[in-house]
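Q:
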Amino acid sequence: MRESKNRDSSDHETPALVVQDAVKTFPLRRRRLRRARMTALDKVSLTVKRGETVGLVGESGSGKSTLAHCVLKLINLDQGKIVLQGREIQSLAERDFRSQRRRLQLVFQNPVASFNPMMTIGQTLFDAMRSAQEWDSTAKRKRLLALLEQVQLGERFATRYPYEMSGGQLQRAALARALAPGPELVFLDEPTAALDMSIKGQIINLLRDLQQQSHLSFIFVSHDLRVVQHVADRVYVMYLGQIVESGTRQQIFETPRHPYTRALLAATLVGQTSPEKEADQALRGEVVQQENYLGCKLYDRCAYAEKHCTVEPQILREIEPEHWVRCRRAEEIIE
Amino acid sequence: MALLEISKLEVTFASGRERLNALRGVNMAVEAGSRTAILGESGCGKTVTALSIARLLPSTASVLGGKIVFDGRDMLALSEEELSGIRGSQLCMIFQHAALALNPLYSIGRQIADVFQHHFGGGQKAAWHKAIEVLAATGIPNPEERARDYPHQYSGGMAQRALIAMALVAKPKLLIADEPTSGLDVTTEHQVLELIQRVVGDLRATLLLITHDMAVVSAVCDRVVVMYAGVVMETGTVAQILEAPANPYSYELIKCFRHSKRKQMPFIPGRVPDLREPGQGCCFAPRCPRAEAICSREDPPTLEIGTGHFSRCHFGEP
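Chains P and R supply the protein sequences, listed in that same order.
So that you can map any letter, position 261 of the first sequence is 326 in the numbering used here, and since no number is skipped, the others follow by simple counting.
So that you can map any letter, position 58 of the second sequence is 92 in the numbering used here, and since no number is skipped, the others follow by simple counting.
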């Protein structure tokens with residue numbers, strides 16, 4: 066149902082967010098005074114349609130958070146374009162961007178650390194509303210209650226301090242805070258990673274309700290594929306700053322083609338796949354960031370690697386409508 | 035006889051003027067050679083249990099009662115001197131954030147060599163060679179070179195390997211692993227878990243693995259102890275608890291892990307009880323879908339459901 070709604074309303078409209086060939090490098094300190102740079106984002110392109118939830122998956126160091134920070138203009142890209150609702154924001158000066166900032170909101174991983182311990186939840190939400198527009202106090206009060214209602218917290222939470230609340234309740238308050246200025250796109254940076262298994266479901270189900278109620282777009286950053294499977298319409302998989310596979314939820318979870326995606330899936334769903342299958346999907350070693358890659362970045366760890374993989378740069382190819390894979394052997398990798 | 039036996043262990047923490055009852059009568063037995071998991075959510079007391087066994091509780095904690103018998107010795111009665119003879123050589127612990135458990139000022143090789151010298155004596159050179167040997171055994175590439183590295187030069191997965199190497203050097207009877215993979219990436223997690231299994235197998239040691247992740251339990255262990263709010267809710271083999279959990283808490287928790295294609299993701303409503311309050315009856319009663327009047331009135335008994343399968347609930351059958 067949700068998907069059909071997206072199709073009708075967003076296919077003809079401008080997408081909520083377009084990232085085009087984003088490149089971001091950071092300087093590295095090295096011995097012998099060599100100037101080296103680490104590539105955090107390597108020509109990343111990504112589109113989020115209006116009302117869509119995009120899952121962004123990858124391990125630590127894959128560039129998920131860098132991408133989030135670039136889109137929010139907390140740091141600037143080296144190259145590339147970021148288009149928010151048809152408007153290029155990358156080249157905007159900080160002063161011109163400030164009025165746009167309310168349209169992009171962020172929910173952090175750790176709900177406890179992201180609240181001011183000296184402010185009640187109500188004060189925090191009032192503060193967040195301020196960036197949207199000047200409201201009079203009755204309107205503010207009304208909006209506060211509506212926000213709390215929306216995230217399934219009662220009115221009584223307005224006067225509570227963060228220490229009086231559980232992790233799950235605080236994460237819901239964090240969602241309310243993100244919604245307060247009336248954003249169009251909400252970045253969720255591992256919103257369930259700090260929560261216990263028994264309450265993760267609460268946040269995920271709440272997100273699904275919000276998706277259905279509003280035309281908000283979400284980018285859901287996570288390394289937990291189980292959770293992504295529940296919320297994302299489309300999924301991008303990142304490895305060392307590159308998108309290695311993207312497609313609809315079904316394509317990624319049912320017919321994954323990139324060895325890295327397959328390894329991630331096998332490792333996440335331990336106990337649900339057979340041990341033998343798991344073993345041959347498994348990656349060797351650990352993430353190693355090298356300076357120059359000629360061929361595939363996964364080469365050293367990949368179970369499907371061949372000689373050719375090191376010499377040719379791998380490009381993203383569309384092997385089915387909407388299903389993009391950065392692997393030359395993608396067609397051979399089928400169940 | 036069990037290698038480790040904990041009975042009626044009660045531990046409280048002082049927090050301001052209040053007392054936090056972290057463990058409220060924990061009973062468990064770990065058989066020699068078994069791979070036992072303590073499974074539970076944050077705040078259930080799994081780490082406190084582990085720290086009590088190794089007598090590493092912080093000074094704000096006090097043990098009010100109970101007994102911990104490890105390898106025939108009463109751990110709570112031992113002096114600090116006697117303890118240091120047991121820690122490391124008989125009982126070894128690896129922690130969640132491996133990098134924090136290592137000393138940043140000494141090279142990895144030196145730290146491992148120190149452990150070896152402490153337990154077995156011998157010259158520095160021999161100890162250094164031993165360190166390289168165990169680093170190689172845990173799958174660190176170029177161990178001769180990497181032994182000279184400092185902890186900050188190691189990635190999370192490698193630091194965890196180094197800690198396991200340190201445990202390997204002392205050849206303990208019991209290895210306690212407290213969330214050994216929770217800071218790691220999923221693909222690395224897999225490798226570290228495999229390494230732990232291999233090391234435990236080679237040493238013929240007993241493993242006590244503390245985790246909140248059901249997938250880890252089913253991949254590594256043969257027995258499970260499910261904890262909630264400072265008490266043991268259910269114990270049994272992995273098969274018994276994963277396939278036929280008798281306790282409503284285990285049942286609900288396992289449901290949250292089950293991979294479902296349904297639209298709604300399962301969860302347990304409500305929140306963990308406040309451990310500062312004494313609490314009456316079953317601690318899970320407020321969140322339990324099967325709760326009846328008796329549950330909030332009386333402490334539930336621990337019933338034997340099957341062979342070696344115990345559940346702390348008024349209602350025996352699932």
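Think of the CB as a built atom: it goes at the ideal place given N, C-alpha and C, for glycine as much as any other residue.
#1: Could you give the DSSP three-state label for S311 of chain P: helix, strand or coil?
#2: Can you look up G143 of chain R in the DSSP assignment and give me helix, strand or coil?
#3: Comparing the C-beta of H288 of chain P with each C-beta of chain R, is any distance below 9 angstroms?
#4: Using the Cβ count rule (16 or more neighbours within 10 Å means buried), how would you classify G155 of chain R?
#5: Report back the beta-carbon spacing between A87 of chain P and G145 of chain P to the nearest angstrom; my notes put them in contact at under 8 angstroms.
#6: Would you say I302 of chain R faces chain P, with C-beta separation under 9 angstroms as the test?
#7: Give every residue of the same chain whose Cβ lies closer than 7 angstroms to the Cβ of G304 of chain R, excluding the five residues on either side of it in the sequence, and list them in chain order.
#8: Express the C-alpha separation of V172 of chain P and K138 of chain P in angstroms, rounding to a whole number.
#9: Look up P324 of chain P in the DSSP assignment and say whether it is helix, strand or coil.
#10: Quick one: which chain P residues come within Cβ less than 9 angstroms of R182 of chain R?
#11: Find the nearest neighbour of P300 of chain R within the set P:R291, P:S130, P:A328, P:R314, judged by alpha-carbon distance.
#12: Helix, strand or coil: which one does DSSP assign to C317 of chain R?
#13: My output table needs one value for L157 of chain P: the three-state DSSP class, helix, strand or coil.
#14: Along chain R, in chain order, which residues have C-beta atoms closer than 8 angstroms to that of N141 of chain P?
#15: Please determine if the segment 381–396 of chain P and the segment 314–323 of chain P are in contact, where contact requires at least 3 C-beta pairs separated by less than 8 angstroms.
#16: Which whole-angstrom value describes the C-beta separation of R242 of chain P and T189 of chain P, a residue pair presumed to lie in contact below a C-beta threshold of 8 angstroms?
#17: Quick one: which residues of the segment 270–281 of chain P get their C-beta closer than 8 angstroms to a C-beta of chain R? List them in chain order.
#18: Taking buried to mean at least 16 other C-beta atoms within 10 Å of its own C-beta, is I186 of chain P buried or exposed?
#19: DSSP three-state call for I198 of chain R: helix, strand or coil?
#20: From R:L91, R:L110, R:R89, R:G106, pick the residue whose C-alpha is nearest to that of G100 of chain R; which is it?
#21: Excluding five sequence neighbours on each side, which residues of the same chain lie with their C-beta closer than 7 angstroms to the C-beta of I198 of chain R?
#22: Report all residues from its chain with a CB closer than 7 angstroms to the CB of V149 of chain R; omit the five preceding and five following residues, and keep chain order.
#23: Along the segment 253–267 of chain P, where does the CB come closer than 8 angstroms to a CB of chain R? Name the residues.
#24: Check whether the segment 265–278 of chain R and the segment 53–68 of chain R touch, using three or more Cβ-Cβ pairs below 8 angstroms as the test.
#25: Along chain R, in chain order, which residues have C-beta atoms closer than 7 angstroms to that of H295 of chain P?
#26: Under the assumption that S282 of chain P contacts V113 of chain P (Cβ atoms under 8 angstroms), give the Cβ distance between them as a whole number of angstroms.
#27: So, does the CB of M192 of chain R fall closer than 9 angstroms to a CB anywhere in chain P?
#28: Short check: CB of V64 of chain R to CB of T240 of chain R, under 9 angstroms?
#29: Residues of the segment 119–149 of chain P in Cβ contact with chain R at a cutoff of 7 angstroms, in chain order, please.
#30: Would R115 of chain P be called buried (16 or more neighbouring beta carbons within 10 Å of its own) or exposed?
#31: When Cβ atoms are compared, which residues of the segment 303–326 of chain R fall closer than 7 angstroms to chain P?
#32: Give the residues of chain P in contact with T222 of chain R, contact being defined as C-beta atoms less than 7 angstroms apart.
#33: Could I get the ranges of all uninterrupted beta strand (DSSP E) runs contained in the segment 220–269 of chain P, with 3 residues as the minimum, in chain order?
#34: By the 9 angstroms beta-carbon criterion, what residues does the segment 218–242 of chain P contribute toward chain R?
#35: Please report whether the beta-carbon of L348 of chain P lies at a distance below 9 angstroms from any beta-carbon of chain R.
#36: Just checking: is the beta-carbon of Q124 of chain R within a distance shorter than 9 angstroms of some beta-carbon in chain P?
A: For this structure:
#1: strand
#2: helix
#3: yes
#4: exposed
#5: 4 angstroms
#6: yes
#7: P320, R321
#8: 15 angstroms
#9: helix
#10: Under the 9 angstroms cutoff, chain P gives no residues; its nearest Cβ is about 14 angstroms from R182 of chain R.
#11: P:R291
#12: coil
#13: coil
#14: The contacting residues do not exist; N141 of chain P stays about 28 angstroms from chain R at best.
#15: yes
#16: 6 angstroms
#17: N270, R273
#18: buried
#19: helix
#20: R:L110
#21: I128, T172, L229, I230, V233
#22: G122, M200, V203, A204
#23: D261, M262, S263, I264, K265, G266, Q267
#24: yes
#25: M299
#26: 5 angstroms
#27: yes
#28: yes
#29: E124, S125
#30: buried
#31: R305
#32: E351
#33: 250–254
#34: S231, G232, G233, Q234
#35: yes
#36: no
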